[in-house]
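Undergrad:
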Amino acid sequence: MRTRMVAGNWKMNKNLQEGVALATELKEAVKDPKCAVVIGTPFIHLATIAELLKNSPIKVAAENCADHEKGAYTGEVSAEMVKSTGAEYVILGHSERRQYYAESYDMLAEKVRLALANGLKIIFCIGEVKEEREAGKQNEVVKAQLEGSVFGLTAEEWKNITLAYEPVWAIGTGLTATPAQAEEIHAYIRSLVAEKYGKEAAEDTTILYGGSCNEKNAAELFACPDIDGGLIGGAALVAEKFLAIIAAR
Ligand code: PGA
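Here the working numbering = 1-based position in the sequence shown + 23.
1) Taking the runs of the alpha helix (DSSP H) that are 4 residues or longer, which of them lie wholly in the region 116-174?
2) Quick one: what does DSSP say residue 184 is sitting in, helix, strand or coil?
3) Taking 8 Å as the threshold (C-beta atoms), are residue 30 and residue 84 in contact?
4) Is the region 176-196 touching the region 94-106, taking contact as three or more C-beta pairs under 8 Å?
5) Output the distance between the C-alpha atoms of residue 150 and residue 190, rounded to the nearest integer angstrom.
6) On the DSSP bridge assignment, give the partners of residue 254 in chain order.
7) Out of 45, 227, 139 and 39, point me to the one whose CA is closest to residue 65's CA.
8) Report yes or no: is there a C-beta of chain B within less than 8 Å of the C-beta of residue 118?
9) Taking the alpha-carbon of residue 233 as reference, which of 68, 146, 270 and 254 has the nearest alpha-carbon?
10) Rounding to the nearest angstrom, what Cα-Cα distance links residue 223 and residue 169 in this structure?
11) Can you tell me which of the three DSSP states residue 54 falls into?
12) Touching or not, the region 234-247 and the region 256-270, by the rule of three or more beta carbon pairs under 8 Å?
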């Protein structure tokens, strides 16, 4: 059975106190959601918020993890450390990491490997930039991103992967993909998963849409057959908006 999900990605927003306040508000409001609910927070929030949400249906995600197991990598946070906070998920492959921190396919494959080895579930992001969309290359791009970092996984490992299609031109820009544009590429992504892991696994794979998804457009996007939920940036920072998106799923 395919899991429907609404996941928040706080990015580099909210200090610890503000993050705890938002998580507390969400905890009080989300008691019996119709879909899985995950919040991705900065590393420093993880332990506190995971503890706060221990008896809540809301799960916690890191927004990144290191591409090394342990050792002399000043400033890095390993998958094992993330797991030890009580977080259950890690977001990997976000376009901001690929773009600003030069995360390559190989580096991401290693992060994926380490995250899985440490029992984390992964929200793996893919998506094309504006020029690629304008050149009609979006399918090629997402295929290469999947082949480059996650299609080496076994069928068993694949069960821990949630995909998030996030067109880079739609992230934080207010330019949402139309439901038709999003559905078209989601269906394509699912067909790639079917080719690789079989039809049943593809049917069970959760594919989120991200990129200026908000409380106004979520219902229309989520109504598409291959859009299983959303990865939400800006609108996840305001409890009222995030809750409205959860209710739309
Ligand atoms: P946005 O970000 O909702 O602010 O566009 C989405 C994301 O980057 O995950």
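Each residue gets a CB set at the ideal place from its N, CA and C atoms; glycine is no exception.
TA: On the basis of the coordinates in this document:
1) 118-123, 128-140, 153-157 and 161-172
2) Locating residue 184 in the sequence shown gives position 161, counting from the first residue. Residue 184 falls in the strand class under three-state DSSP.
3) Position 61 of the sequence shown, counted from the first residue, corresponds to residue 84. Position 7 of the sequence shown, counted from the first residue, corresponds to residue 30. Result yes, Cβ atoms of residue 84 and residue 30 sit closer than 8 Å.
4) no
5) Here residue 150 refers to the residue found at position 127 of the sequence shown. Here residue 190 refers to the residue found at position 167 of the sequence shown. Distance between the alpha carbons of residue 150 and residue 190 is about 5 Å.
6) Along the sequence shown, read from residue 1 onward, the residue named residue 254 stands at position 231. Residue 254 pairs with 30 and 233.
7) Here residue 65 is taken as the residue at index 42 of the sequence shown, counted from 1. Residue 39 is the option with its Cα nearest to residue 65.
8) Although the question refers to chain B, the structure presented lacks it and comprises just one protein chain.
9) On the sequence shown, residue 233 is found 210 positions in, with the first residue counted as 1. Checked all of 68, 146, 270 and 254; the closest Cα to residue 233 is 254.
10) Position 200 of the sequence shown, counted from the start, is the residue given in the question as residue 223. Position 146 of the sequence shown, counted from the start, is the residue given in the question as residue 169. Roughly 18 Å between the two C-alpha positions.
11) On the sequence shown, position 31 is the one that residue 54 refers to. Here residue 54 sits in coil by DSSP.
12) yes
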